[in-house]
Structures are given as C-alpha cells and as structure tokens.
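Contents: one structure, followed by commentary.
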Amino acid sequence: MPDTLPEPPLYVFAYGSLIWRPGFTHEGMHPALLRGFHRRFCLTSRHYRGTAEVPGLVLGLDRGGACRGVAFRVAAGQAEAVLAYLDARENLAGEAVYTRRRLPVRLLDSGRMVHAVTYVADRRHGAYCRPEAEVAAATIARGVGQAGANRDYLMNTVQHLRALGIRDAALDRIAALLPPASETV
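Shown next as structure tokens:
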C-alpha cells in the first residue's frame, strides 16, 4: 500500500457493499463514474460471504468498461483512519485480494474530476475468478460467511444501485438466475 496519504480531501470510490455499508464517517456522497474498470463478481470469498468448504463470491473492480458508483468525501482529519479501516476491511487477514489504487473519477452531480481511492481486484491472486453468470448465481445461492448470506450481499447491492438510478445488467442477470431461497437451504 502507498505510504503517503492522498492530498485532501480524500475521496473513496464505492461500487459494492461500501455504497450501503461504508463503515466510516464522510462529509459527502456523490454519484460518480470510473472509466477503465467494471463491477464484477470476480473474487472467491472464504470468509465474508462463504467458507473454505462452500465459498461465495464478492465484487471487485475488474479491467475494462466503466463503473457507476459513489464517491465519498472524507474529512482531512479522518483520512488516515479511513484508509486503515478500508485496508483491513478489503484485505481481510492481510490477504491482498484487492490493490488499493487512486484513480480519476467524475463526480456526476458537478462534472468535476477528482482522484479517489478504490480497491481493484488483483488478477494474480488465487481468489480471482471469472465465472459465467449461471455459475456465479449457483455459487452465490449457496454462500454464507461471517458477514451473512452471499444472496443478501448481491440483492442489497442491486437494491442500492437501483435506488441511485444505476442499473447493472450483469448483476441483474445473476440475480434473475438465483434459485428461490427455499431451494438452497
């Protein structure tokens, strides 16, 4: 991870559960667009949304395309604590499945470009995968980990994206392929 803090203010780009459960104090939340990456279920989860025996899947930013999400503006005095919290949350037990990056995002409410910290899936990590939608849905249907059911993670993300006016066709397809909850118990 970089040793120096970004220039204030710190922006954090959120594309998944950070949208609906940031876990840190922020001064503002802006709809934002990141180009060059897209949201994807591309990381196996053996802790948060699955177990070693029955892994789940979590979202990562993967190369290509674009991603709409939100940029949280963090108070200058909170930047160091927020980055420490995010590093621990995103790379549980020091397992570096994400790389912290500082990337340009457009704040859609003002049109301004800012640099935001975000976490990109590390394609070299053993947890990286690229399952087809049907495989992703089956995996998500079975996954339950420390943070709860993988199905809830997907549905909460879809619901909060929709509340922000964001439709993610790939996530919608996976959600549509989920078997009824009663069939996965």
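Residues in the sequence shown are numbered consecutively from 41, following this note's numbering. Quick reminder that beta carbons are idealized off the backbone N, C-alpha and C, glycines included.
{"Query": "In DSSP terms, what Phe15 is bridged to", "Result": "Nothing can be reported for residue 15: it is not among the residues displayed for the chain, which extend from 41 to 225."}
{"Query": "Simplified DSSP state of Tyr55, which is helix, strand or coil", "Result": "coil"}
{"Query": "Entirely enclosed alpha helix (DSSP H) segments - the stretch 141–182, minimum 4 residues", "Result": "173–182"}
{"Query": "Close Cβ partners of Tyr193 (< 6 Å) along its chain, the five nearest in sequence each way excluded", "Result": "Arg89"}
{"Query": "Inter-stretch contact at 8 Å, needing at least 3 Cβ pairs: the stretch 54–67 / the stretch 136–149", "Result": "no"}
{"Query": "Check whether Val157 and Arg129 have beta carbons under 8 Å apart", "Result": "no"}
{"Query": "Contacts around Ala167, its chain only, beta-carbon distance under 6 Å, and the 5 residues preceding and following it disregarded", "Result": "Leu83, Thr84 and Val137"}
{"Query": "Pairwise C-alpha distance: Glu93 and Met153", "Result": "43 Å"}
{"Query": "Simplified DSSP state of His70, which is helix, strand or coil", "Result": "strand"}
{"Query": "Bridge partners - Tyr125, DSSP secondary structure assignment", "Result": "According to DSSP, Tyr125 bridges with nothing at all."}
{"Query": "At least three beta-carbon pairs within less than 8 Å, the stretch 174–194 to the stretch 205–218", "Result": "yes"}
{"Query": "Close beta carbons around Pro95, own chain, < 8 Å, minus the five adjacent residues each side", "Result": "Thr84, Ser85, Arg86, Thr179 and Gly183"}
{"Query": "Cβ neighbours of Ala221 in the same chain (closer than 7 Å, five flanking residues each side left out)", "Result": "Arg191"}
{"Query": "Per-residue DSSP class, three states only, for Gly117", "Result": "helix"}
{"Query": "Distance between Val114 and Ala209 (C-alpha atoms, nearest Å)", "Result": "30 Å"}
{"Query": "Residues bridged to Gly185 (per DSSP)", "Result": "Gly188"}
{"Query": "Counterpart residues of Val110 in DSSP-defined beta bridges", "Result": "Ala54 and Pro71"}
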